[in-house]
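Student:
2 protein chains.
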Amino acid sequence: MRADARRNYERLVEQAKLAFAESGVDASLDEIARRAGVASGTLYRHFPTRLDLIEAVLADQIGGLVDLGKRLLAADDAFEALTTWLRATLVHGLTYRGLAAAVMNSALDSELVSTWHARLFEVGTELVRRAGEVIVPGTDAEDVVRMIGAIAWASQDNPDRAERMLALLLNGLRR
Amino acid sequence: MRADARRNYERLVEQAKLAFAESGVDASLDEIARRAGVASGTLYRHFPTRLDLIEAVLADQIGGLVDLGKRLLAADDAFEALTTWLRATLVHGLTYRGLAAAVMNSALDSELVSTWHARLFEVGTELVRRAGEVIVPGTDAEDVVRMIGAIAWASQDNPDRAERMLALLLNGLRR
DNA sequence: TGCTAACCGGAGACACAGTCCGGTACCGTG
DNA sequence: CACGGTACCGGACTGTGTCTCCGGTTAGCA
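So the protein lines, in turn, are chains A and B.
For the first sequence, the tail end lands on 176 under this note's numbering, and the numbers increase by one without skipping.
For the second sequence, the tail end lands on 176 under this note's numbering, and the numbers increase by one without skipping.
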């Protein structure tokens, strides 16, 4: 990658962070480009879709979550591990307004796309399966993962509500 | 209302039903107007917002749900009544793709708006409160109502998933 | 230093929600 | 029945945002 390209990439990620924090992940891409001092064509070249930009912005956070998930896969208490992962993922989903919707609509429903979020949810699915003996029999792992996305979506701007909804889900998962 | 206005209103509702069934409630309003043989200005005059059109299309269904809810308020088994309402509302939320999102984003988050859906959810909130002695203490009624919306949102096009998620919620509500 | 391909800027195409003004249709009254 | 007035109409137009594409520029390599 050329120096100017790298510079523009970094500027875009930086301005996207600010814009997402201000008005959610649905912030205008043109506006982000303008703030970064690049043309909109440049933004699309680096980030063909909005999710690409989102994931670039959240790369560190998602990477950390995937790592956490992998560590939890080695934990003894499967339910506790699952709880920790669910909570961490829920908190992640609340990072920016609209993030849960963007991810659920793009990453999970486009089975052709391999994304960071898809990897994150794979780990989660594995944690659900591993807890299989201590949760309600027949629980579909993907259901649980989607429930977290749904809770994040329904409780945007309200971490307390998110926590309460998570408690409902956890209670519902118990045998 | 004049005869031509009534005619146009009915045409719009009819075409909206078809368009929503085809491509969800996010179908282009211009396209619906075109299909109804009226100008887009006419559509907006009758239905200032998309939710107005949605509710006109679903007036009968929502009315029936509100009636059901009121009947359930008189039922002896509060948990059973709540379960019935939650399921009926969830099924309603799956009527059209995107309906849950449209409703949750518009009706519940705009506290200034009195809509059919707001009334539906009021009844639900009341049913949750009424079941207070048989569900987890401290359960926030609005949390539960929003969970239904969230489940509908996360399980679009997949009634089986919706049912499983509802089961998780119900299990989570039990003491 | 010169060449070339990676990369850029930004005008423009496209889609859609929503507005507004001159024209038309309907309905009520005489 | 005819007329007048207002409810209602059509559709051109505006605004916003996503996305494309072509001529111009820059960076990196030989």
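Every residue, glycine too, gets a C-beta built ideally from N, C-alpha and C.
Nearest to B:S29 by alpha carbon, out of B:R51, B:G38, B:G125?
Tutor: Distances from the CA of B:S29 to each of B:R51, B:G38, B:G125 were compared; the closest alpha carbon is that of B:R51.
Student: May I ask you to list, following chain order, the residues of the stretch 138-154 of chain A that have a beta carbon less than 7 angstroms from some beta carbon of chain B?
Tutor: D141, D144, R147, M148, G150, A151, I152, W154
Student: Per DSSP, what kind of secondary structure is B:R88 in: helix, strand or coil?
Tutor: helix
Student: With a threshold of 8 angstroms, are at least 3 pairs of Cβ atoms found where one atom belongs to the stretch 89-106 of chain A and the other to the stretch 52-60 of chain A?
Tutor: Yes: the two stretches touch, three or more of their Cβ pairs being nearer than 8 angstroms.
Student: Since B:I136 sits in a beta bridge, which residues does DSSP pair it with?
Tutor: B:R175
Student: Restricting to Cα atoms, I'd like to know which of B:E15, B:L13, B:R165 is closest to A:P138.
Tutor: B:R165
Student: Against chain B, which members of the stretch 83-101 of chain A pass a CB distance test of less than 9 angstroms?
Tutor: Those residues of the stretch 83-101 of chain A placed with their C-beta closer than 9 angstroms to a C-beta in chain B do not exist.
Student: In whole angstroms, give me the CA-to-CA distance for B:L113 and B:T126.
Tutor: Bear in mind that the predicted position of B:L113 carries a pLDDT of just 45, short of 50, making it unreliable; the figure below should be weighed with that in mind. Cα-Cα distance, rounded: 18 angstroms.
Student: Please state if the CB of A:W154 and the CB of B:A40 are separated by a distance shorter than 8 angstroms.
Tutor: no
Student: Cβ atoms of A:A75 and A:R131: under 8 angstroms apart, would you say?
Tutor: no
Student: B:M105 by DSSP, collapsed to three states: which one?
Tutor: helix
Student: Suppose you measure from the CA of A:L91 to the CA of B:E134; what does that come to, to the nearest Å?
Tutor: 29 angstroms
Student: What does the alpha-carbon distance come out to for the pair B:A20 and B:D27?
Tutor: 9 angstroms
Student: List, in order along the chain, the chain B residues whose C-beta lies closer than 9 angstroms to that of A:M105?
Tutor: W154, A155
Student: On the CB-based measure, 16 or more other CB atoms within 10 Å of its CB, does B:M148 come out buried or exposed?
Tutor: The residue is buried, with at least 16 neighbouring Cβ atoms inside 10 Å.
Student: Please classify A:E23 as buried or exposed, where buried requires at least 16 other C-beta atoms within 10 Å of its C-beta.
Tutor: exposed
Student: Please state the DSSP three-state secondary structure of A:P49.
Tutor: coil
Student: Below 9 angstroms on C-beta distance, what does B:L170 contact in chain A?
Tutor: Correct list: M148, L169, L170, G173.
Student: DSSP on A:Y97, reduced to helix/strand/coil?
Tutor: The answer is coil: DSSP assigns A:Y97 none of H, G, I, E or B.
Student: Hey, is A:A51's beta-carbon within less than 8 angstroms of any beta-carbon in chain B?
Tutor: The amino acid occupying residue 51 of chain A in the given sequence is Arg; Ala does not appear at that position. No - not a single Cβ of chain B is within 8 angstroms of the one on A:R51.
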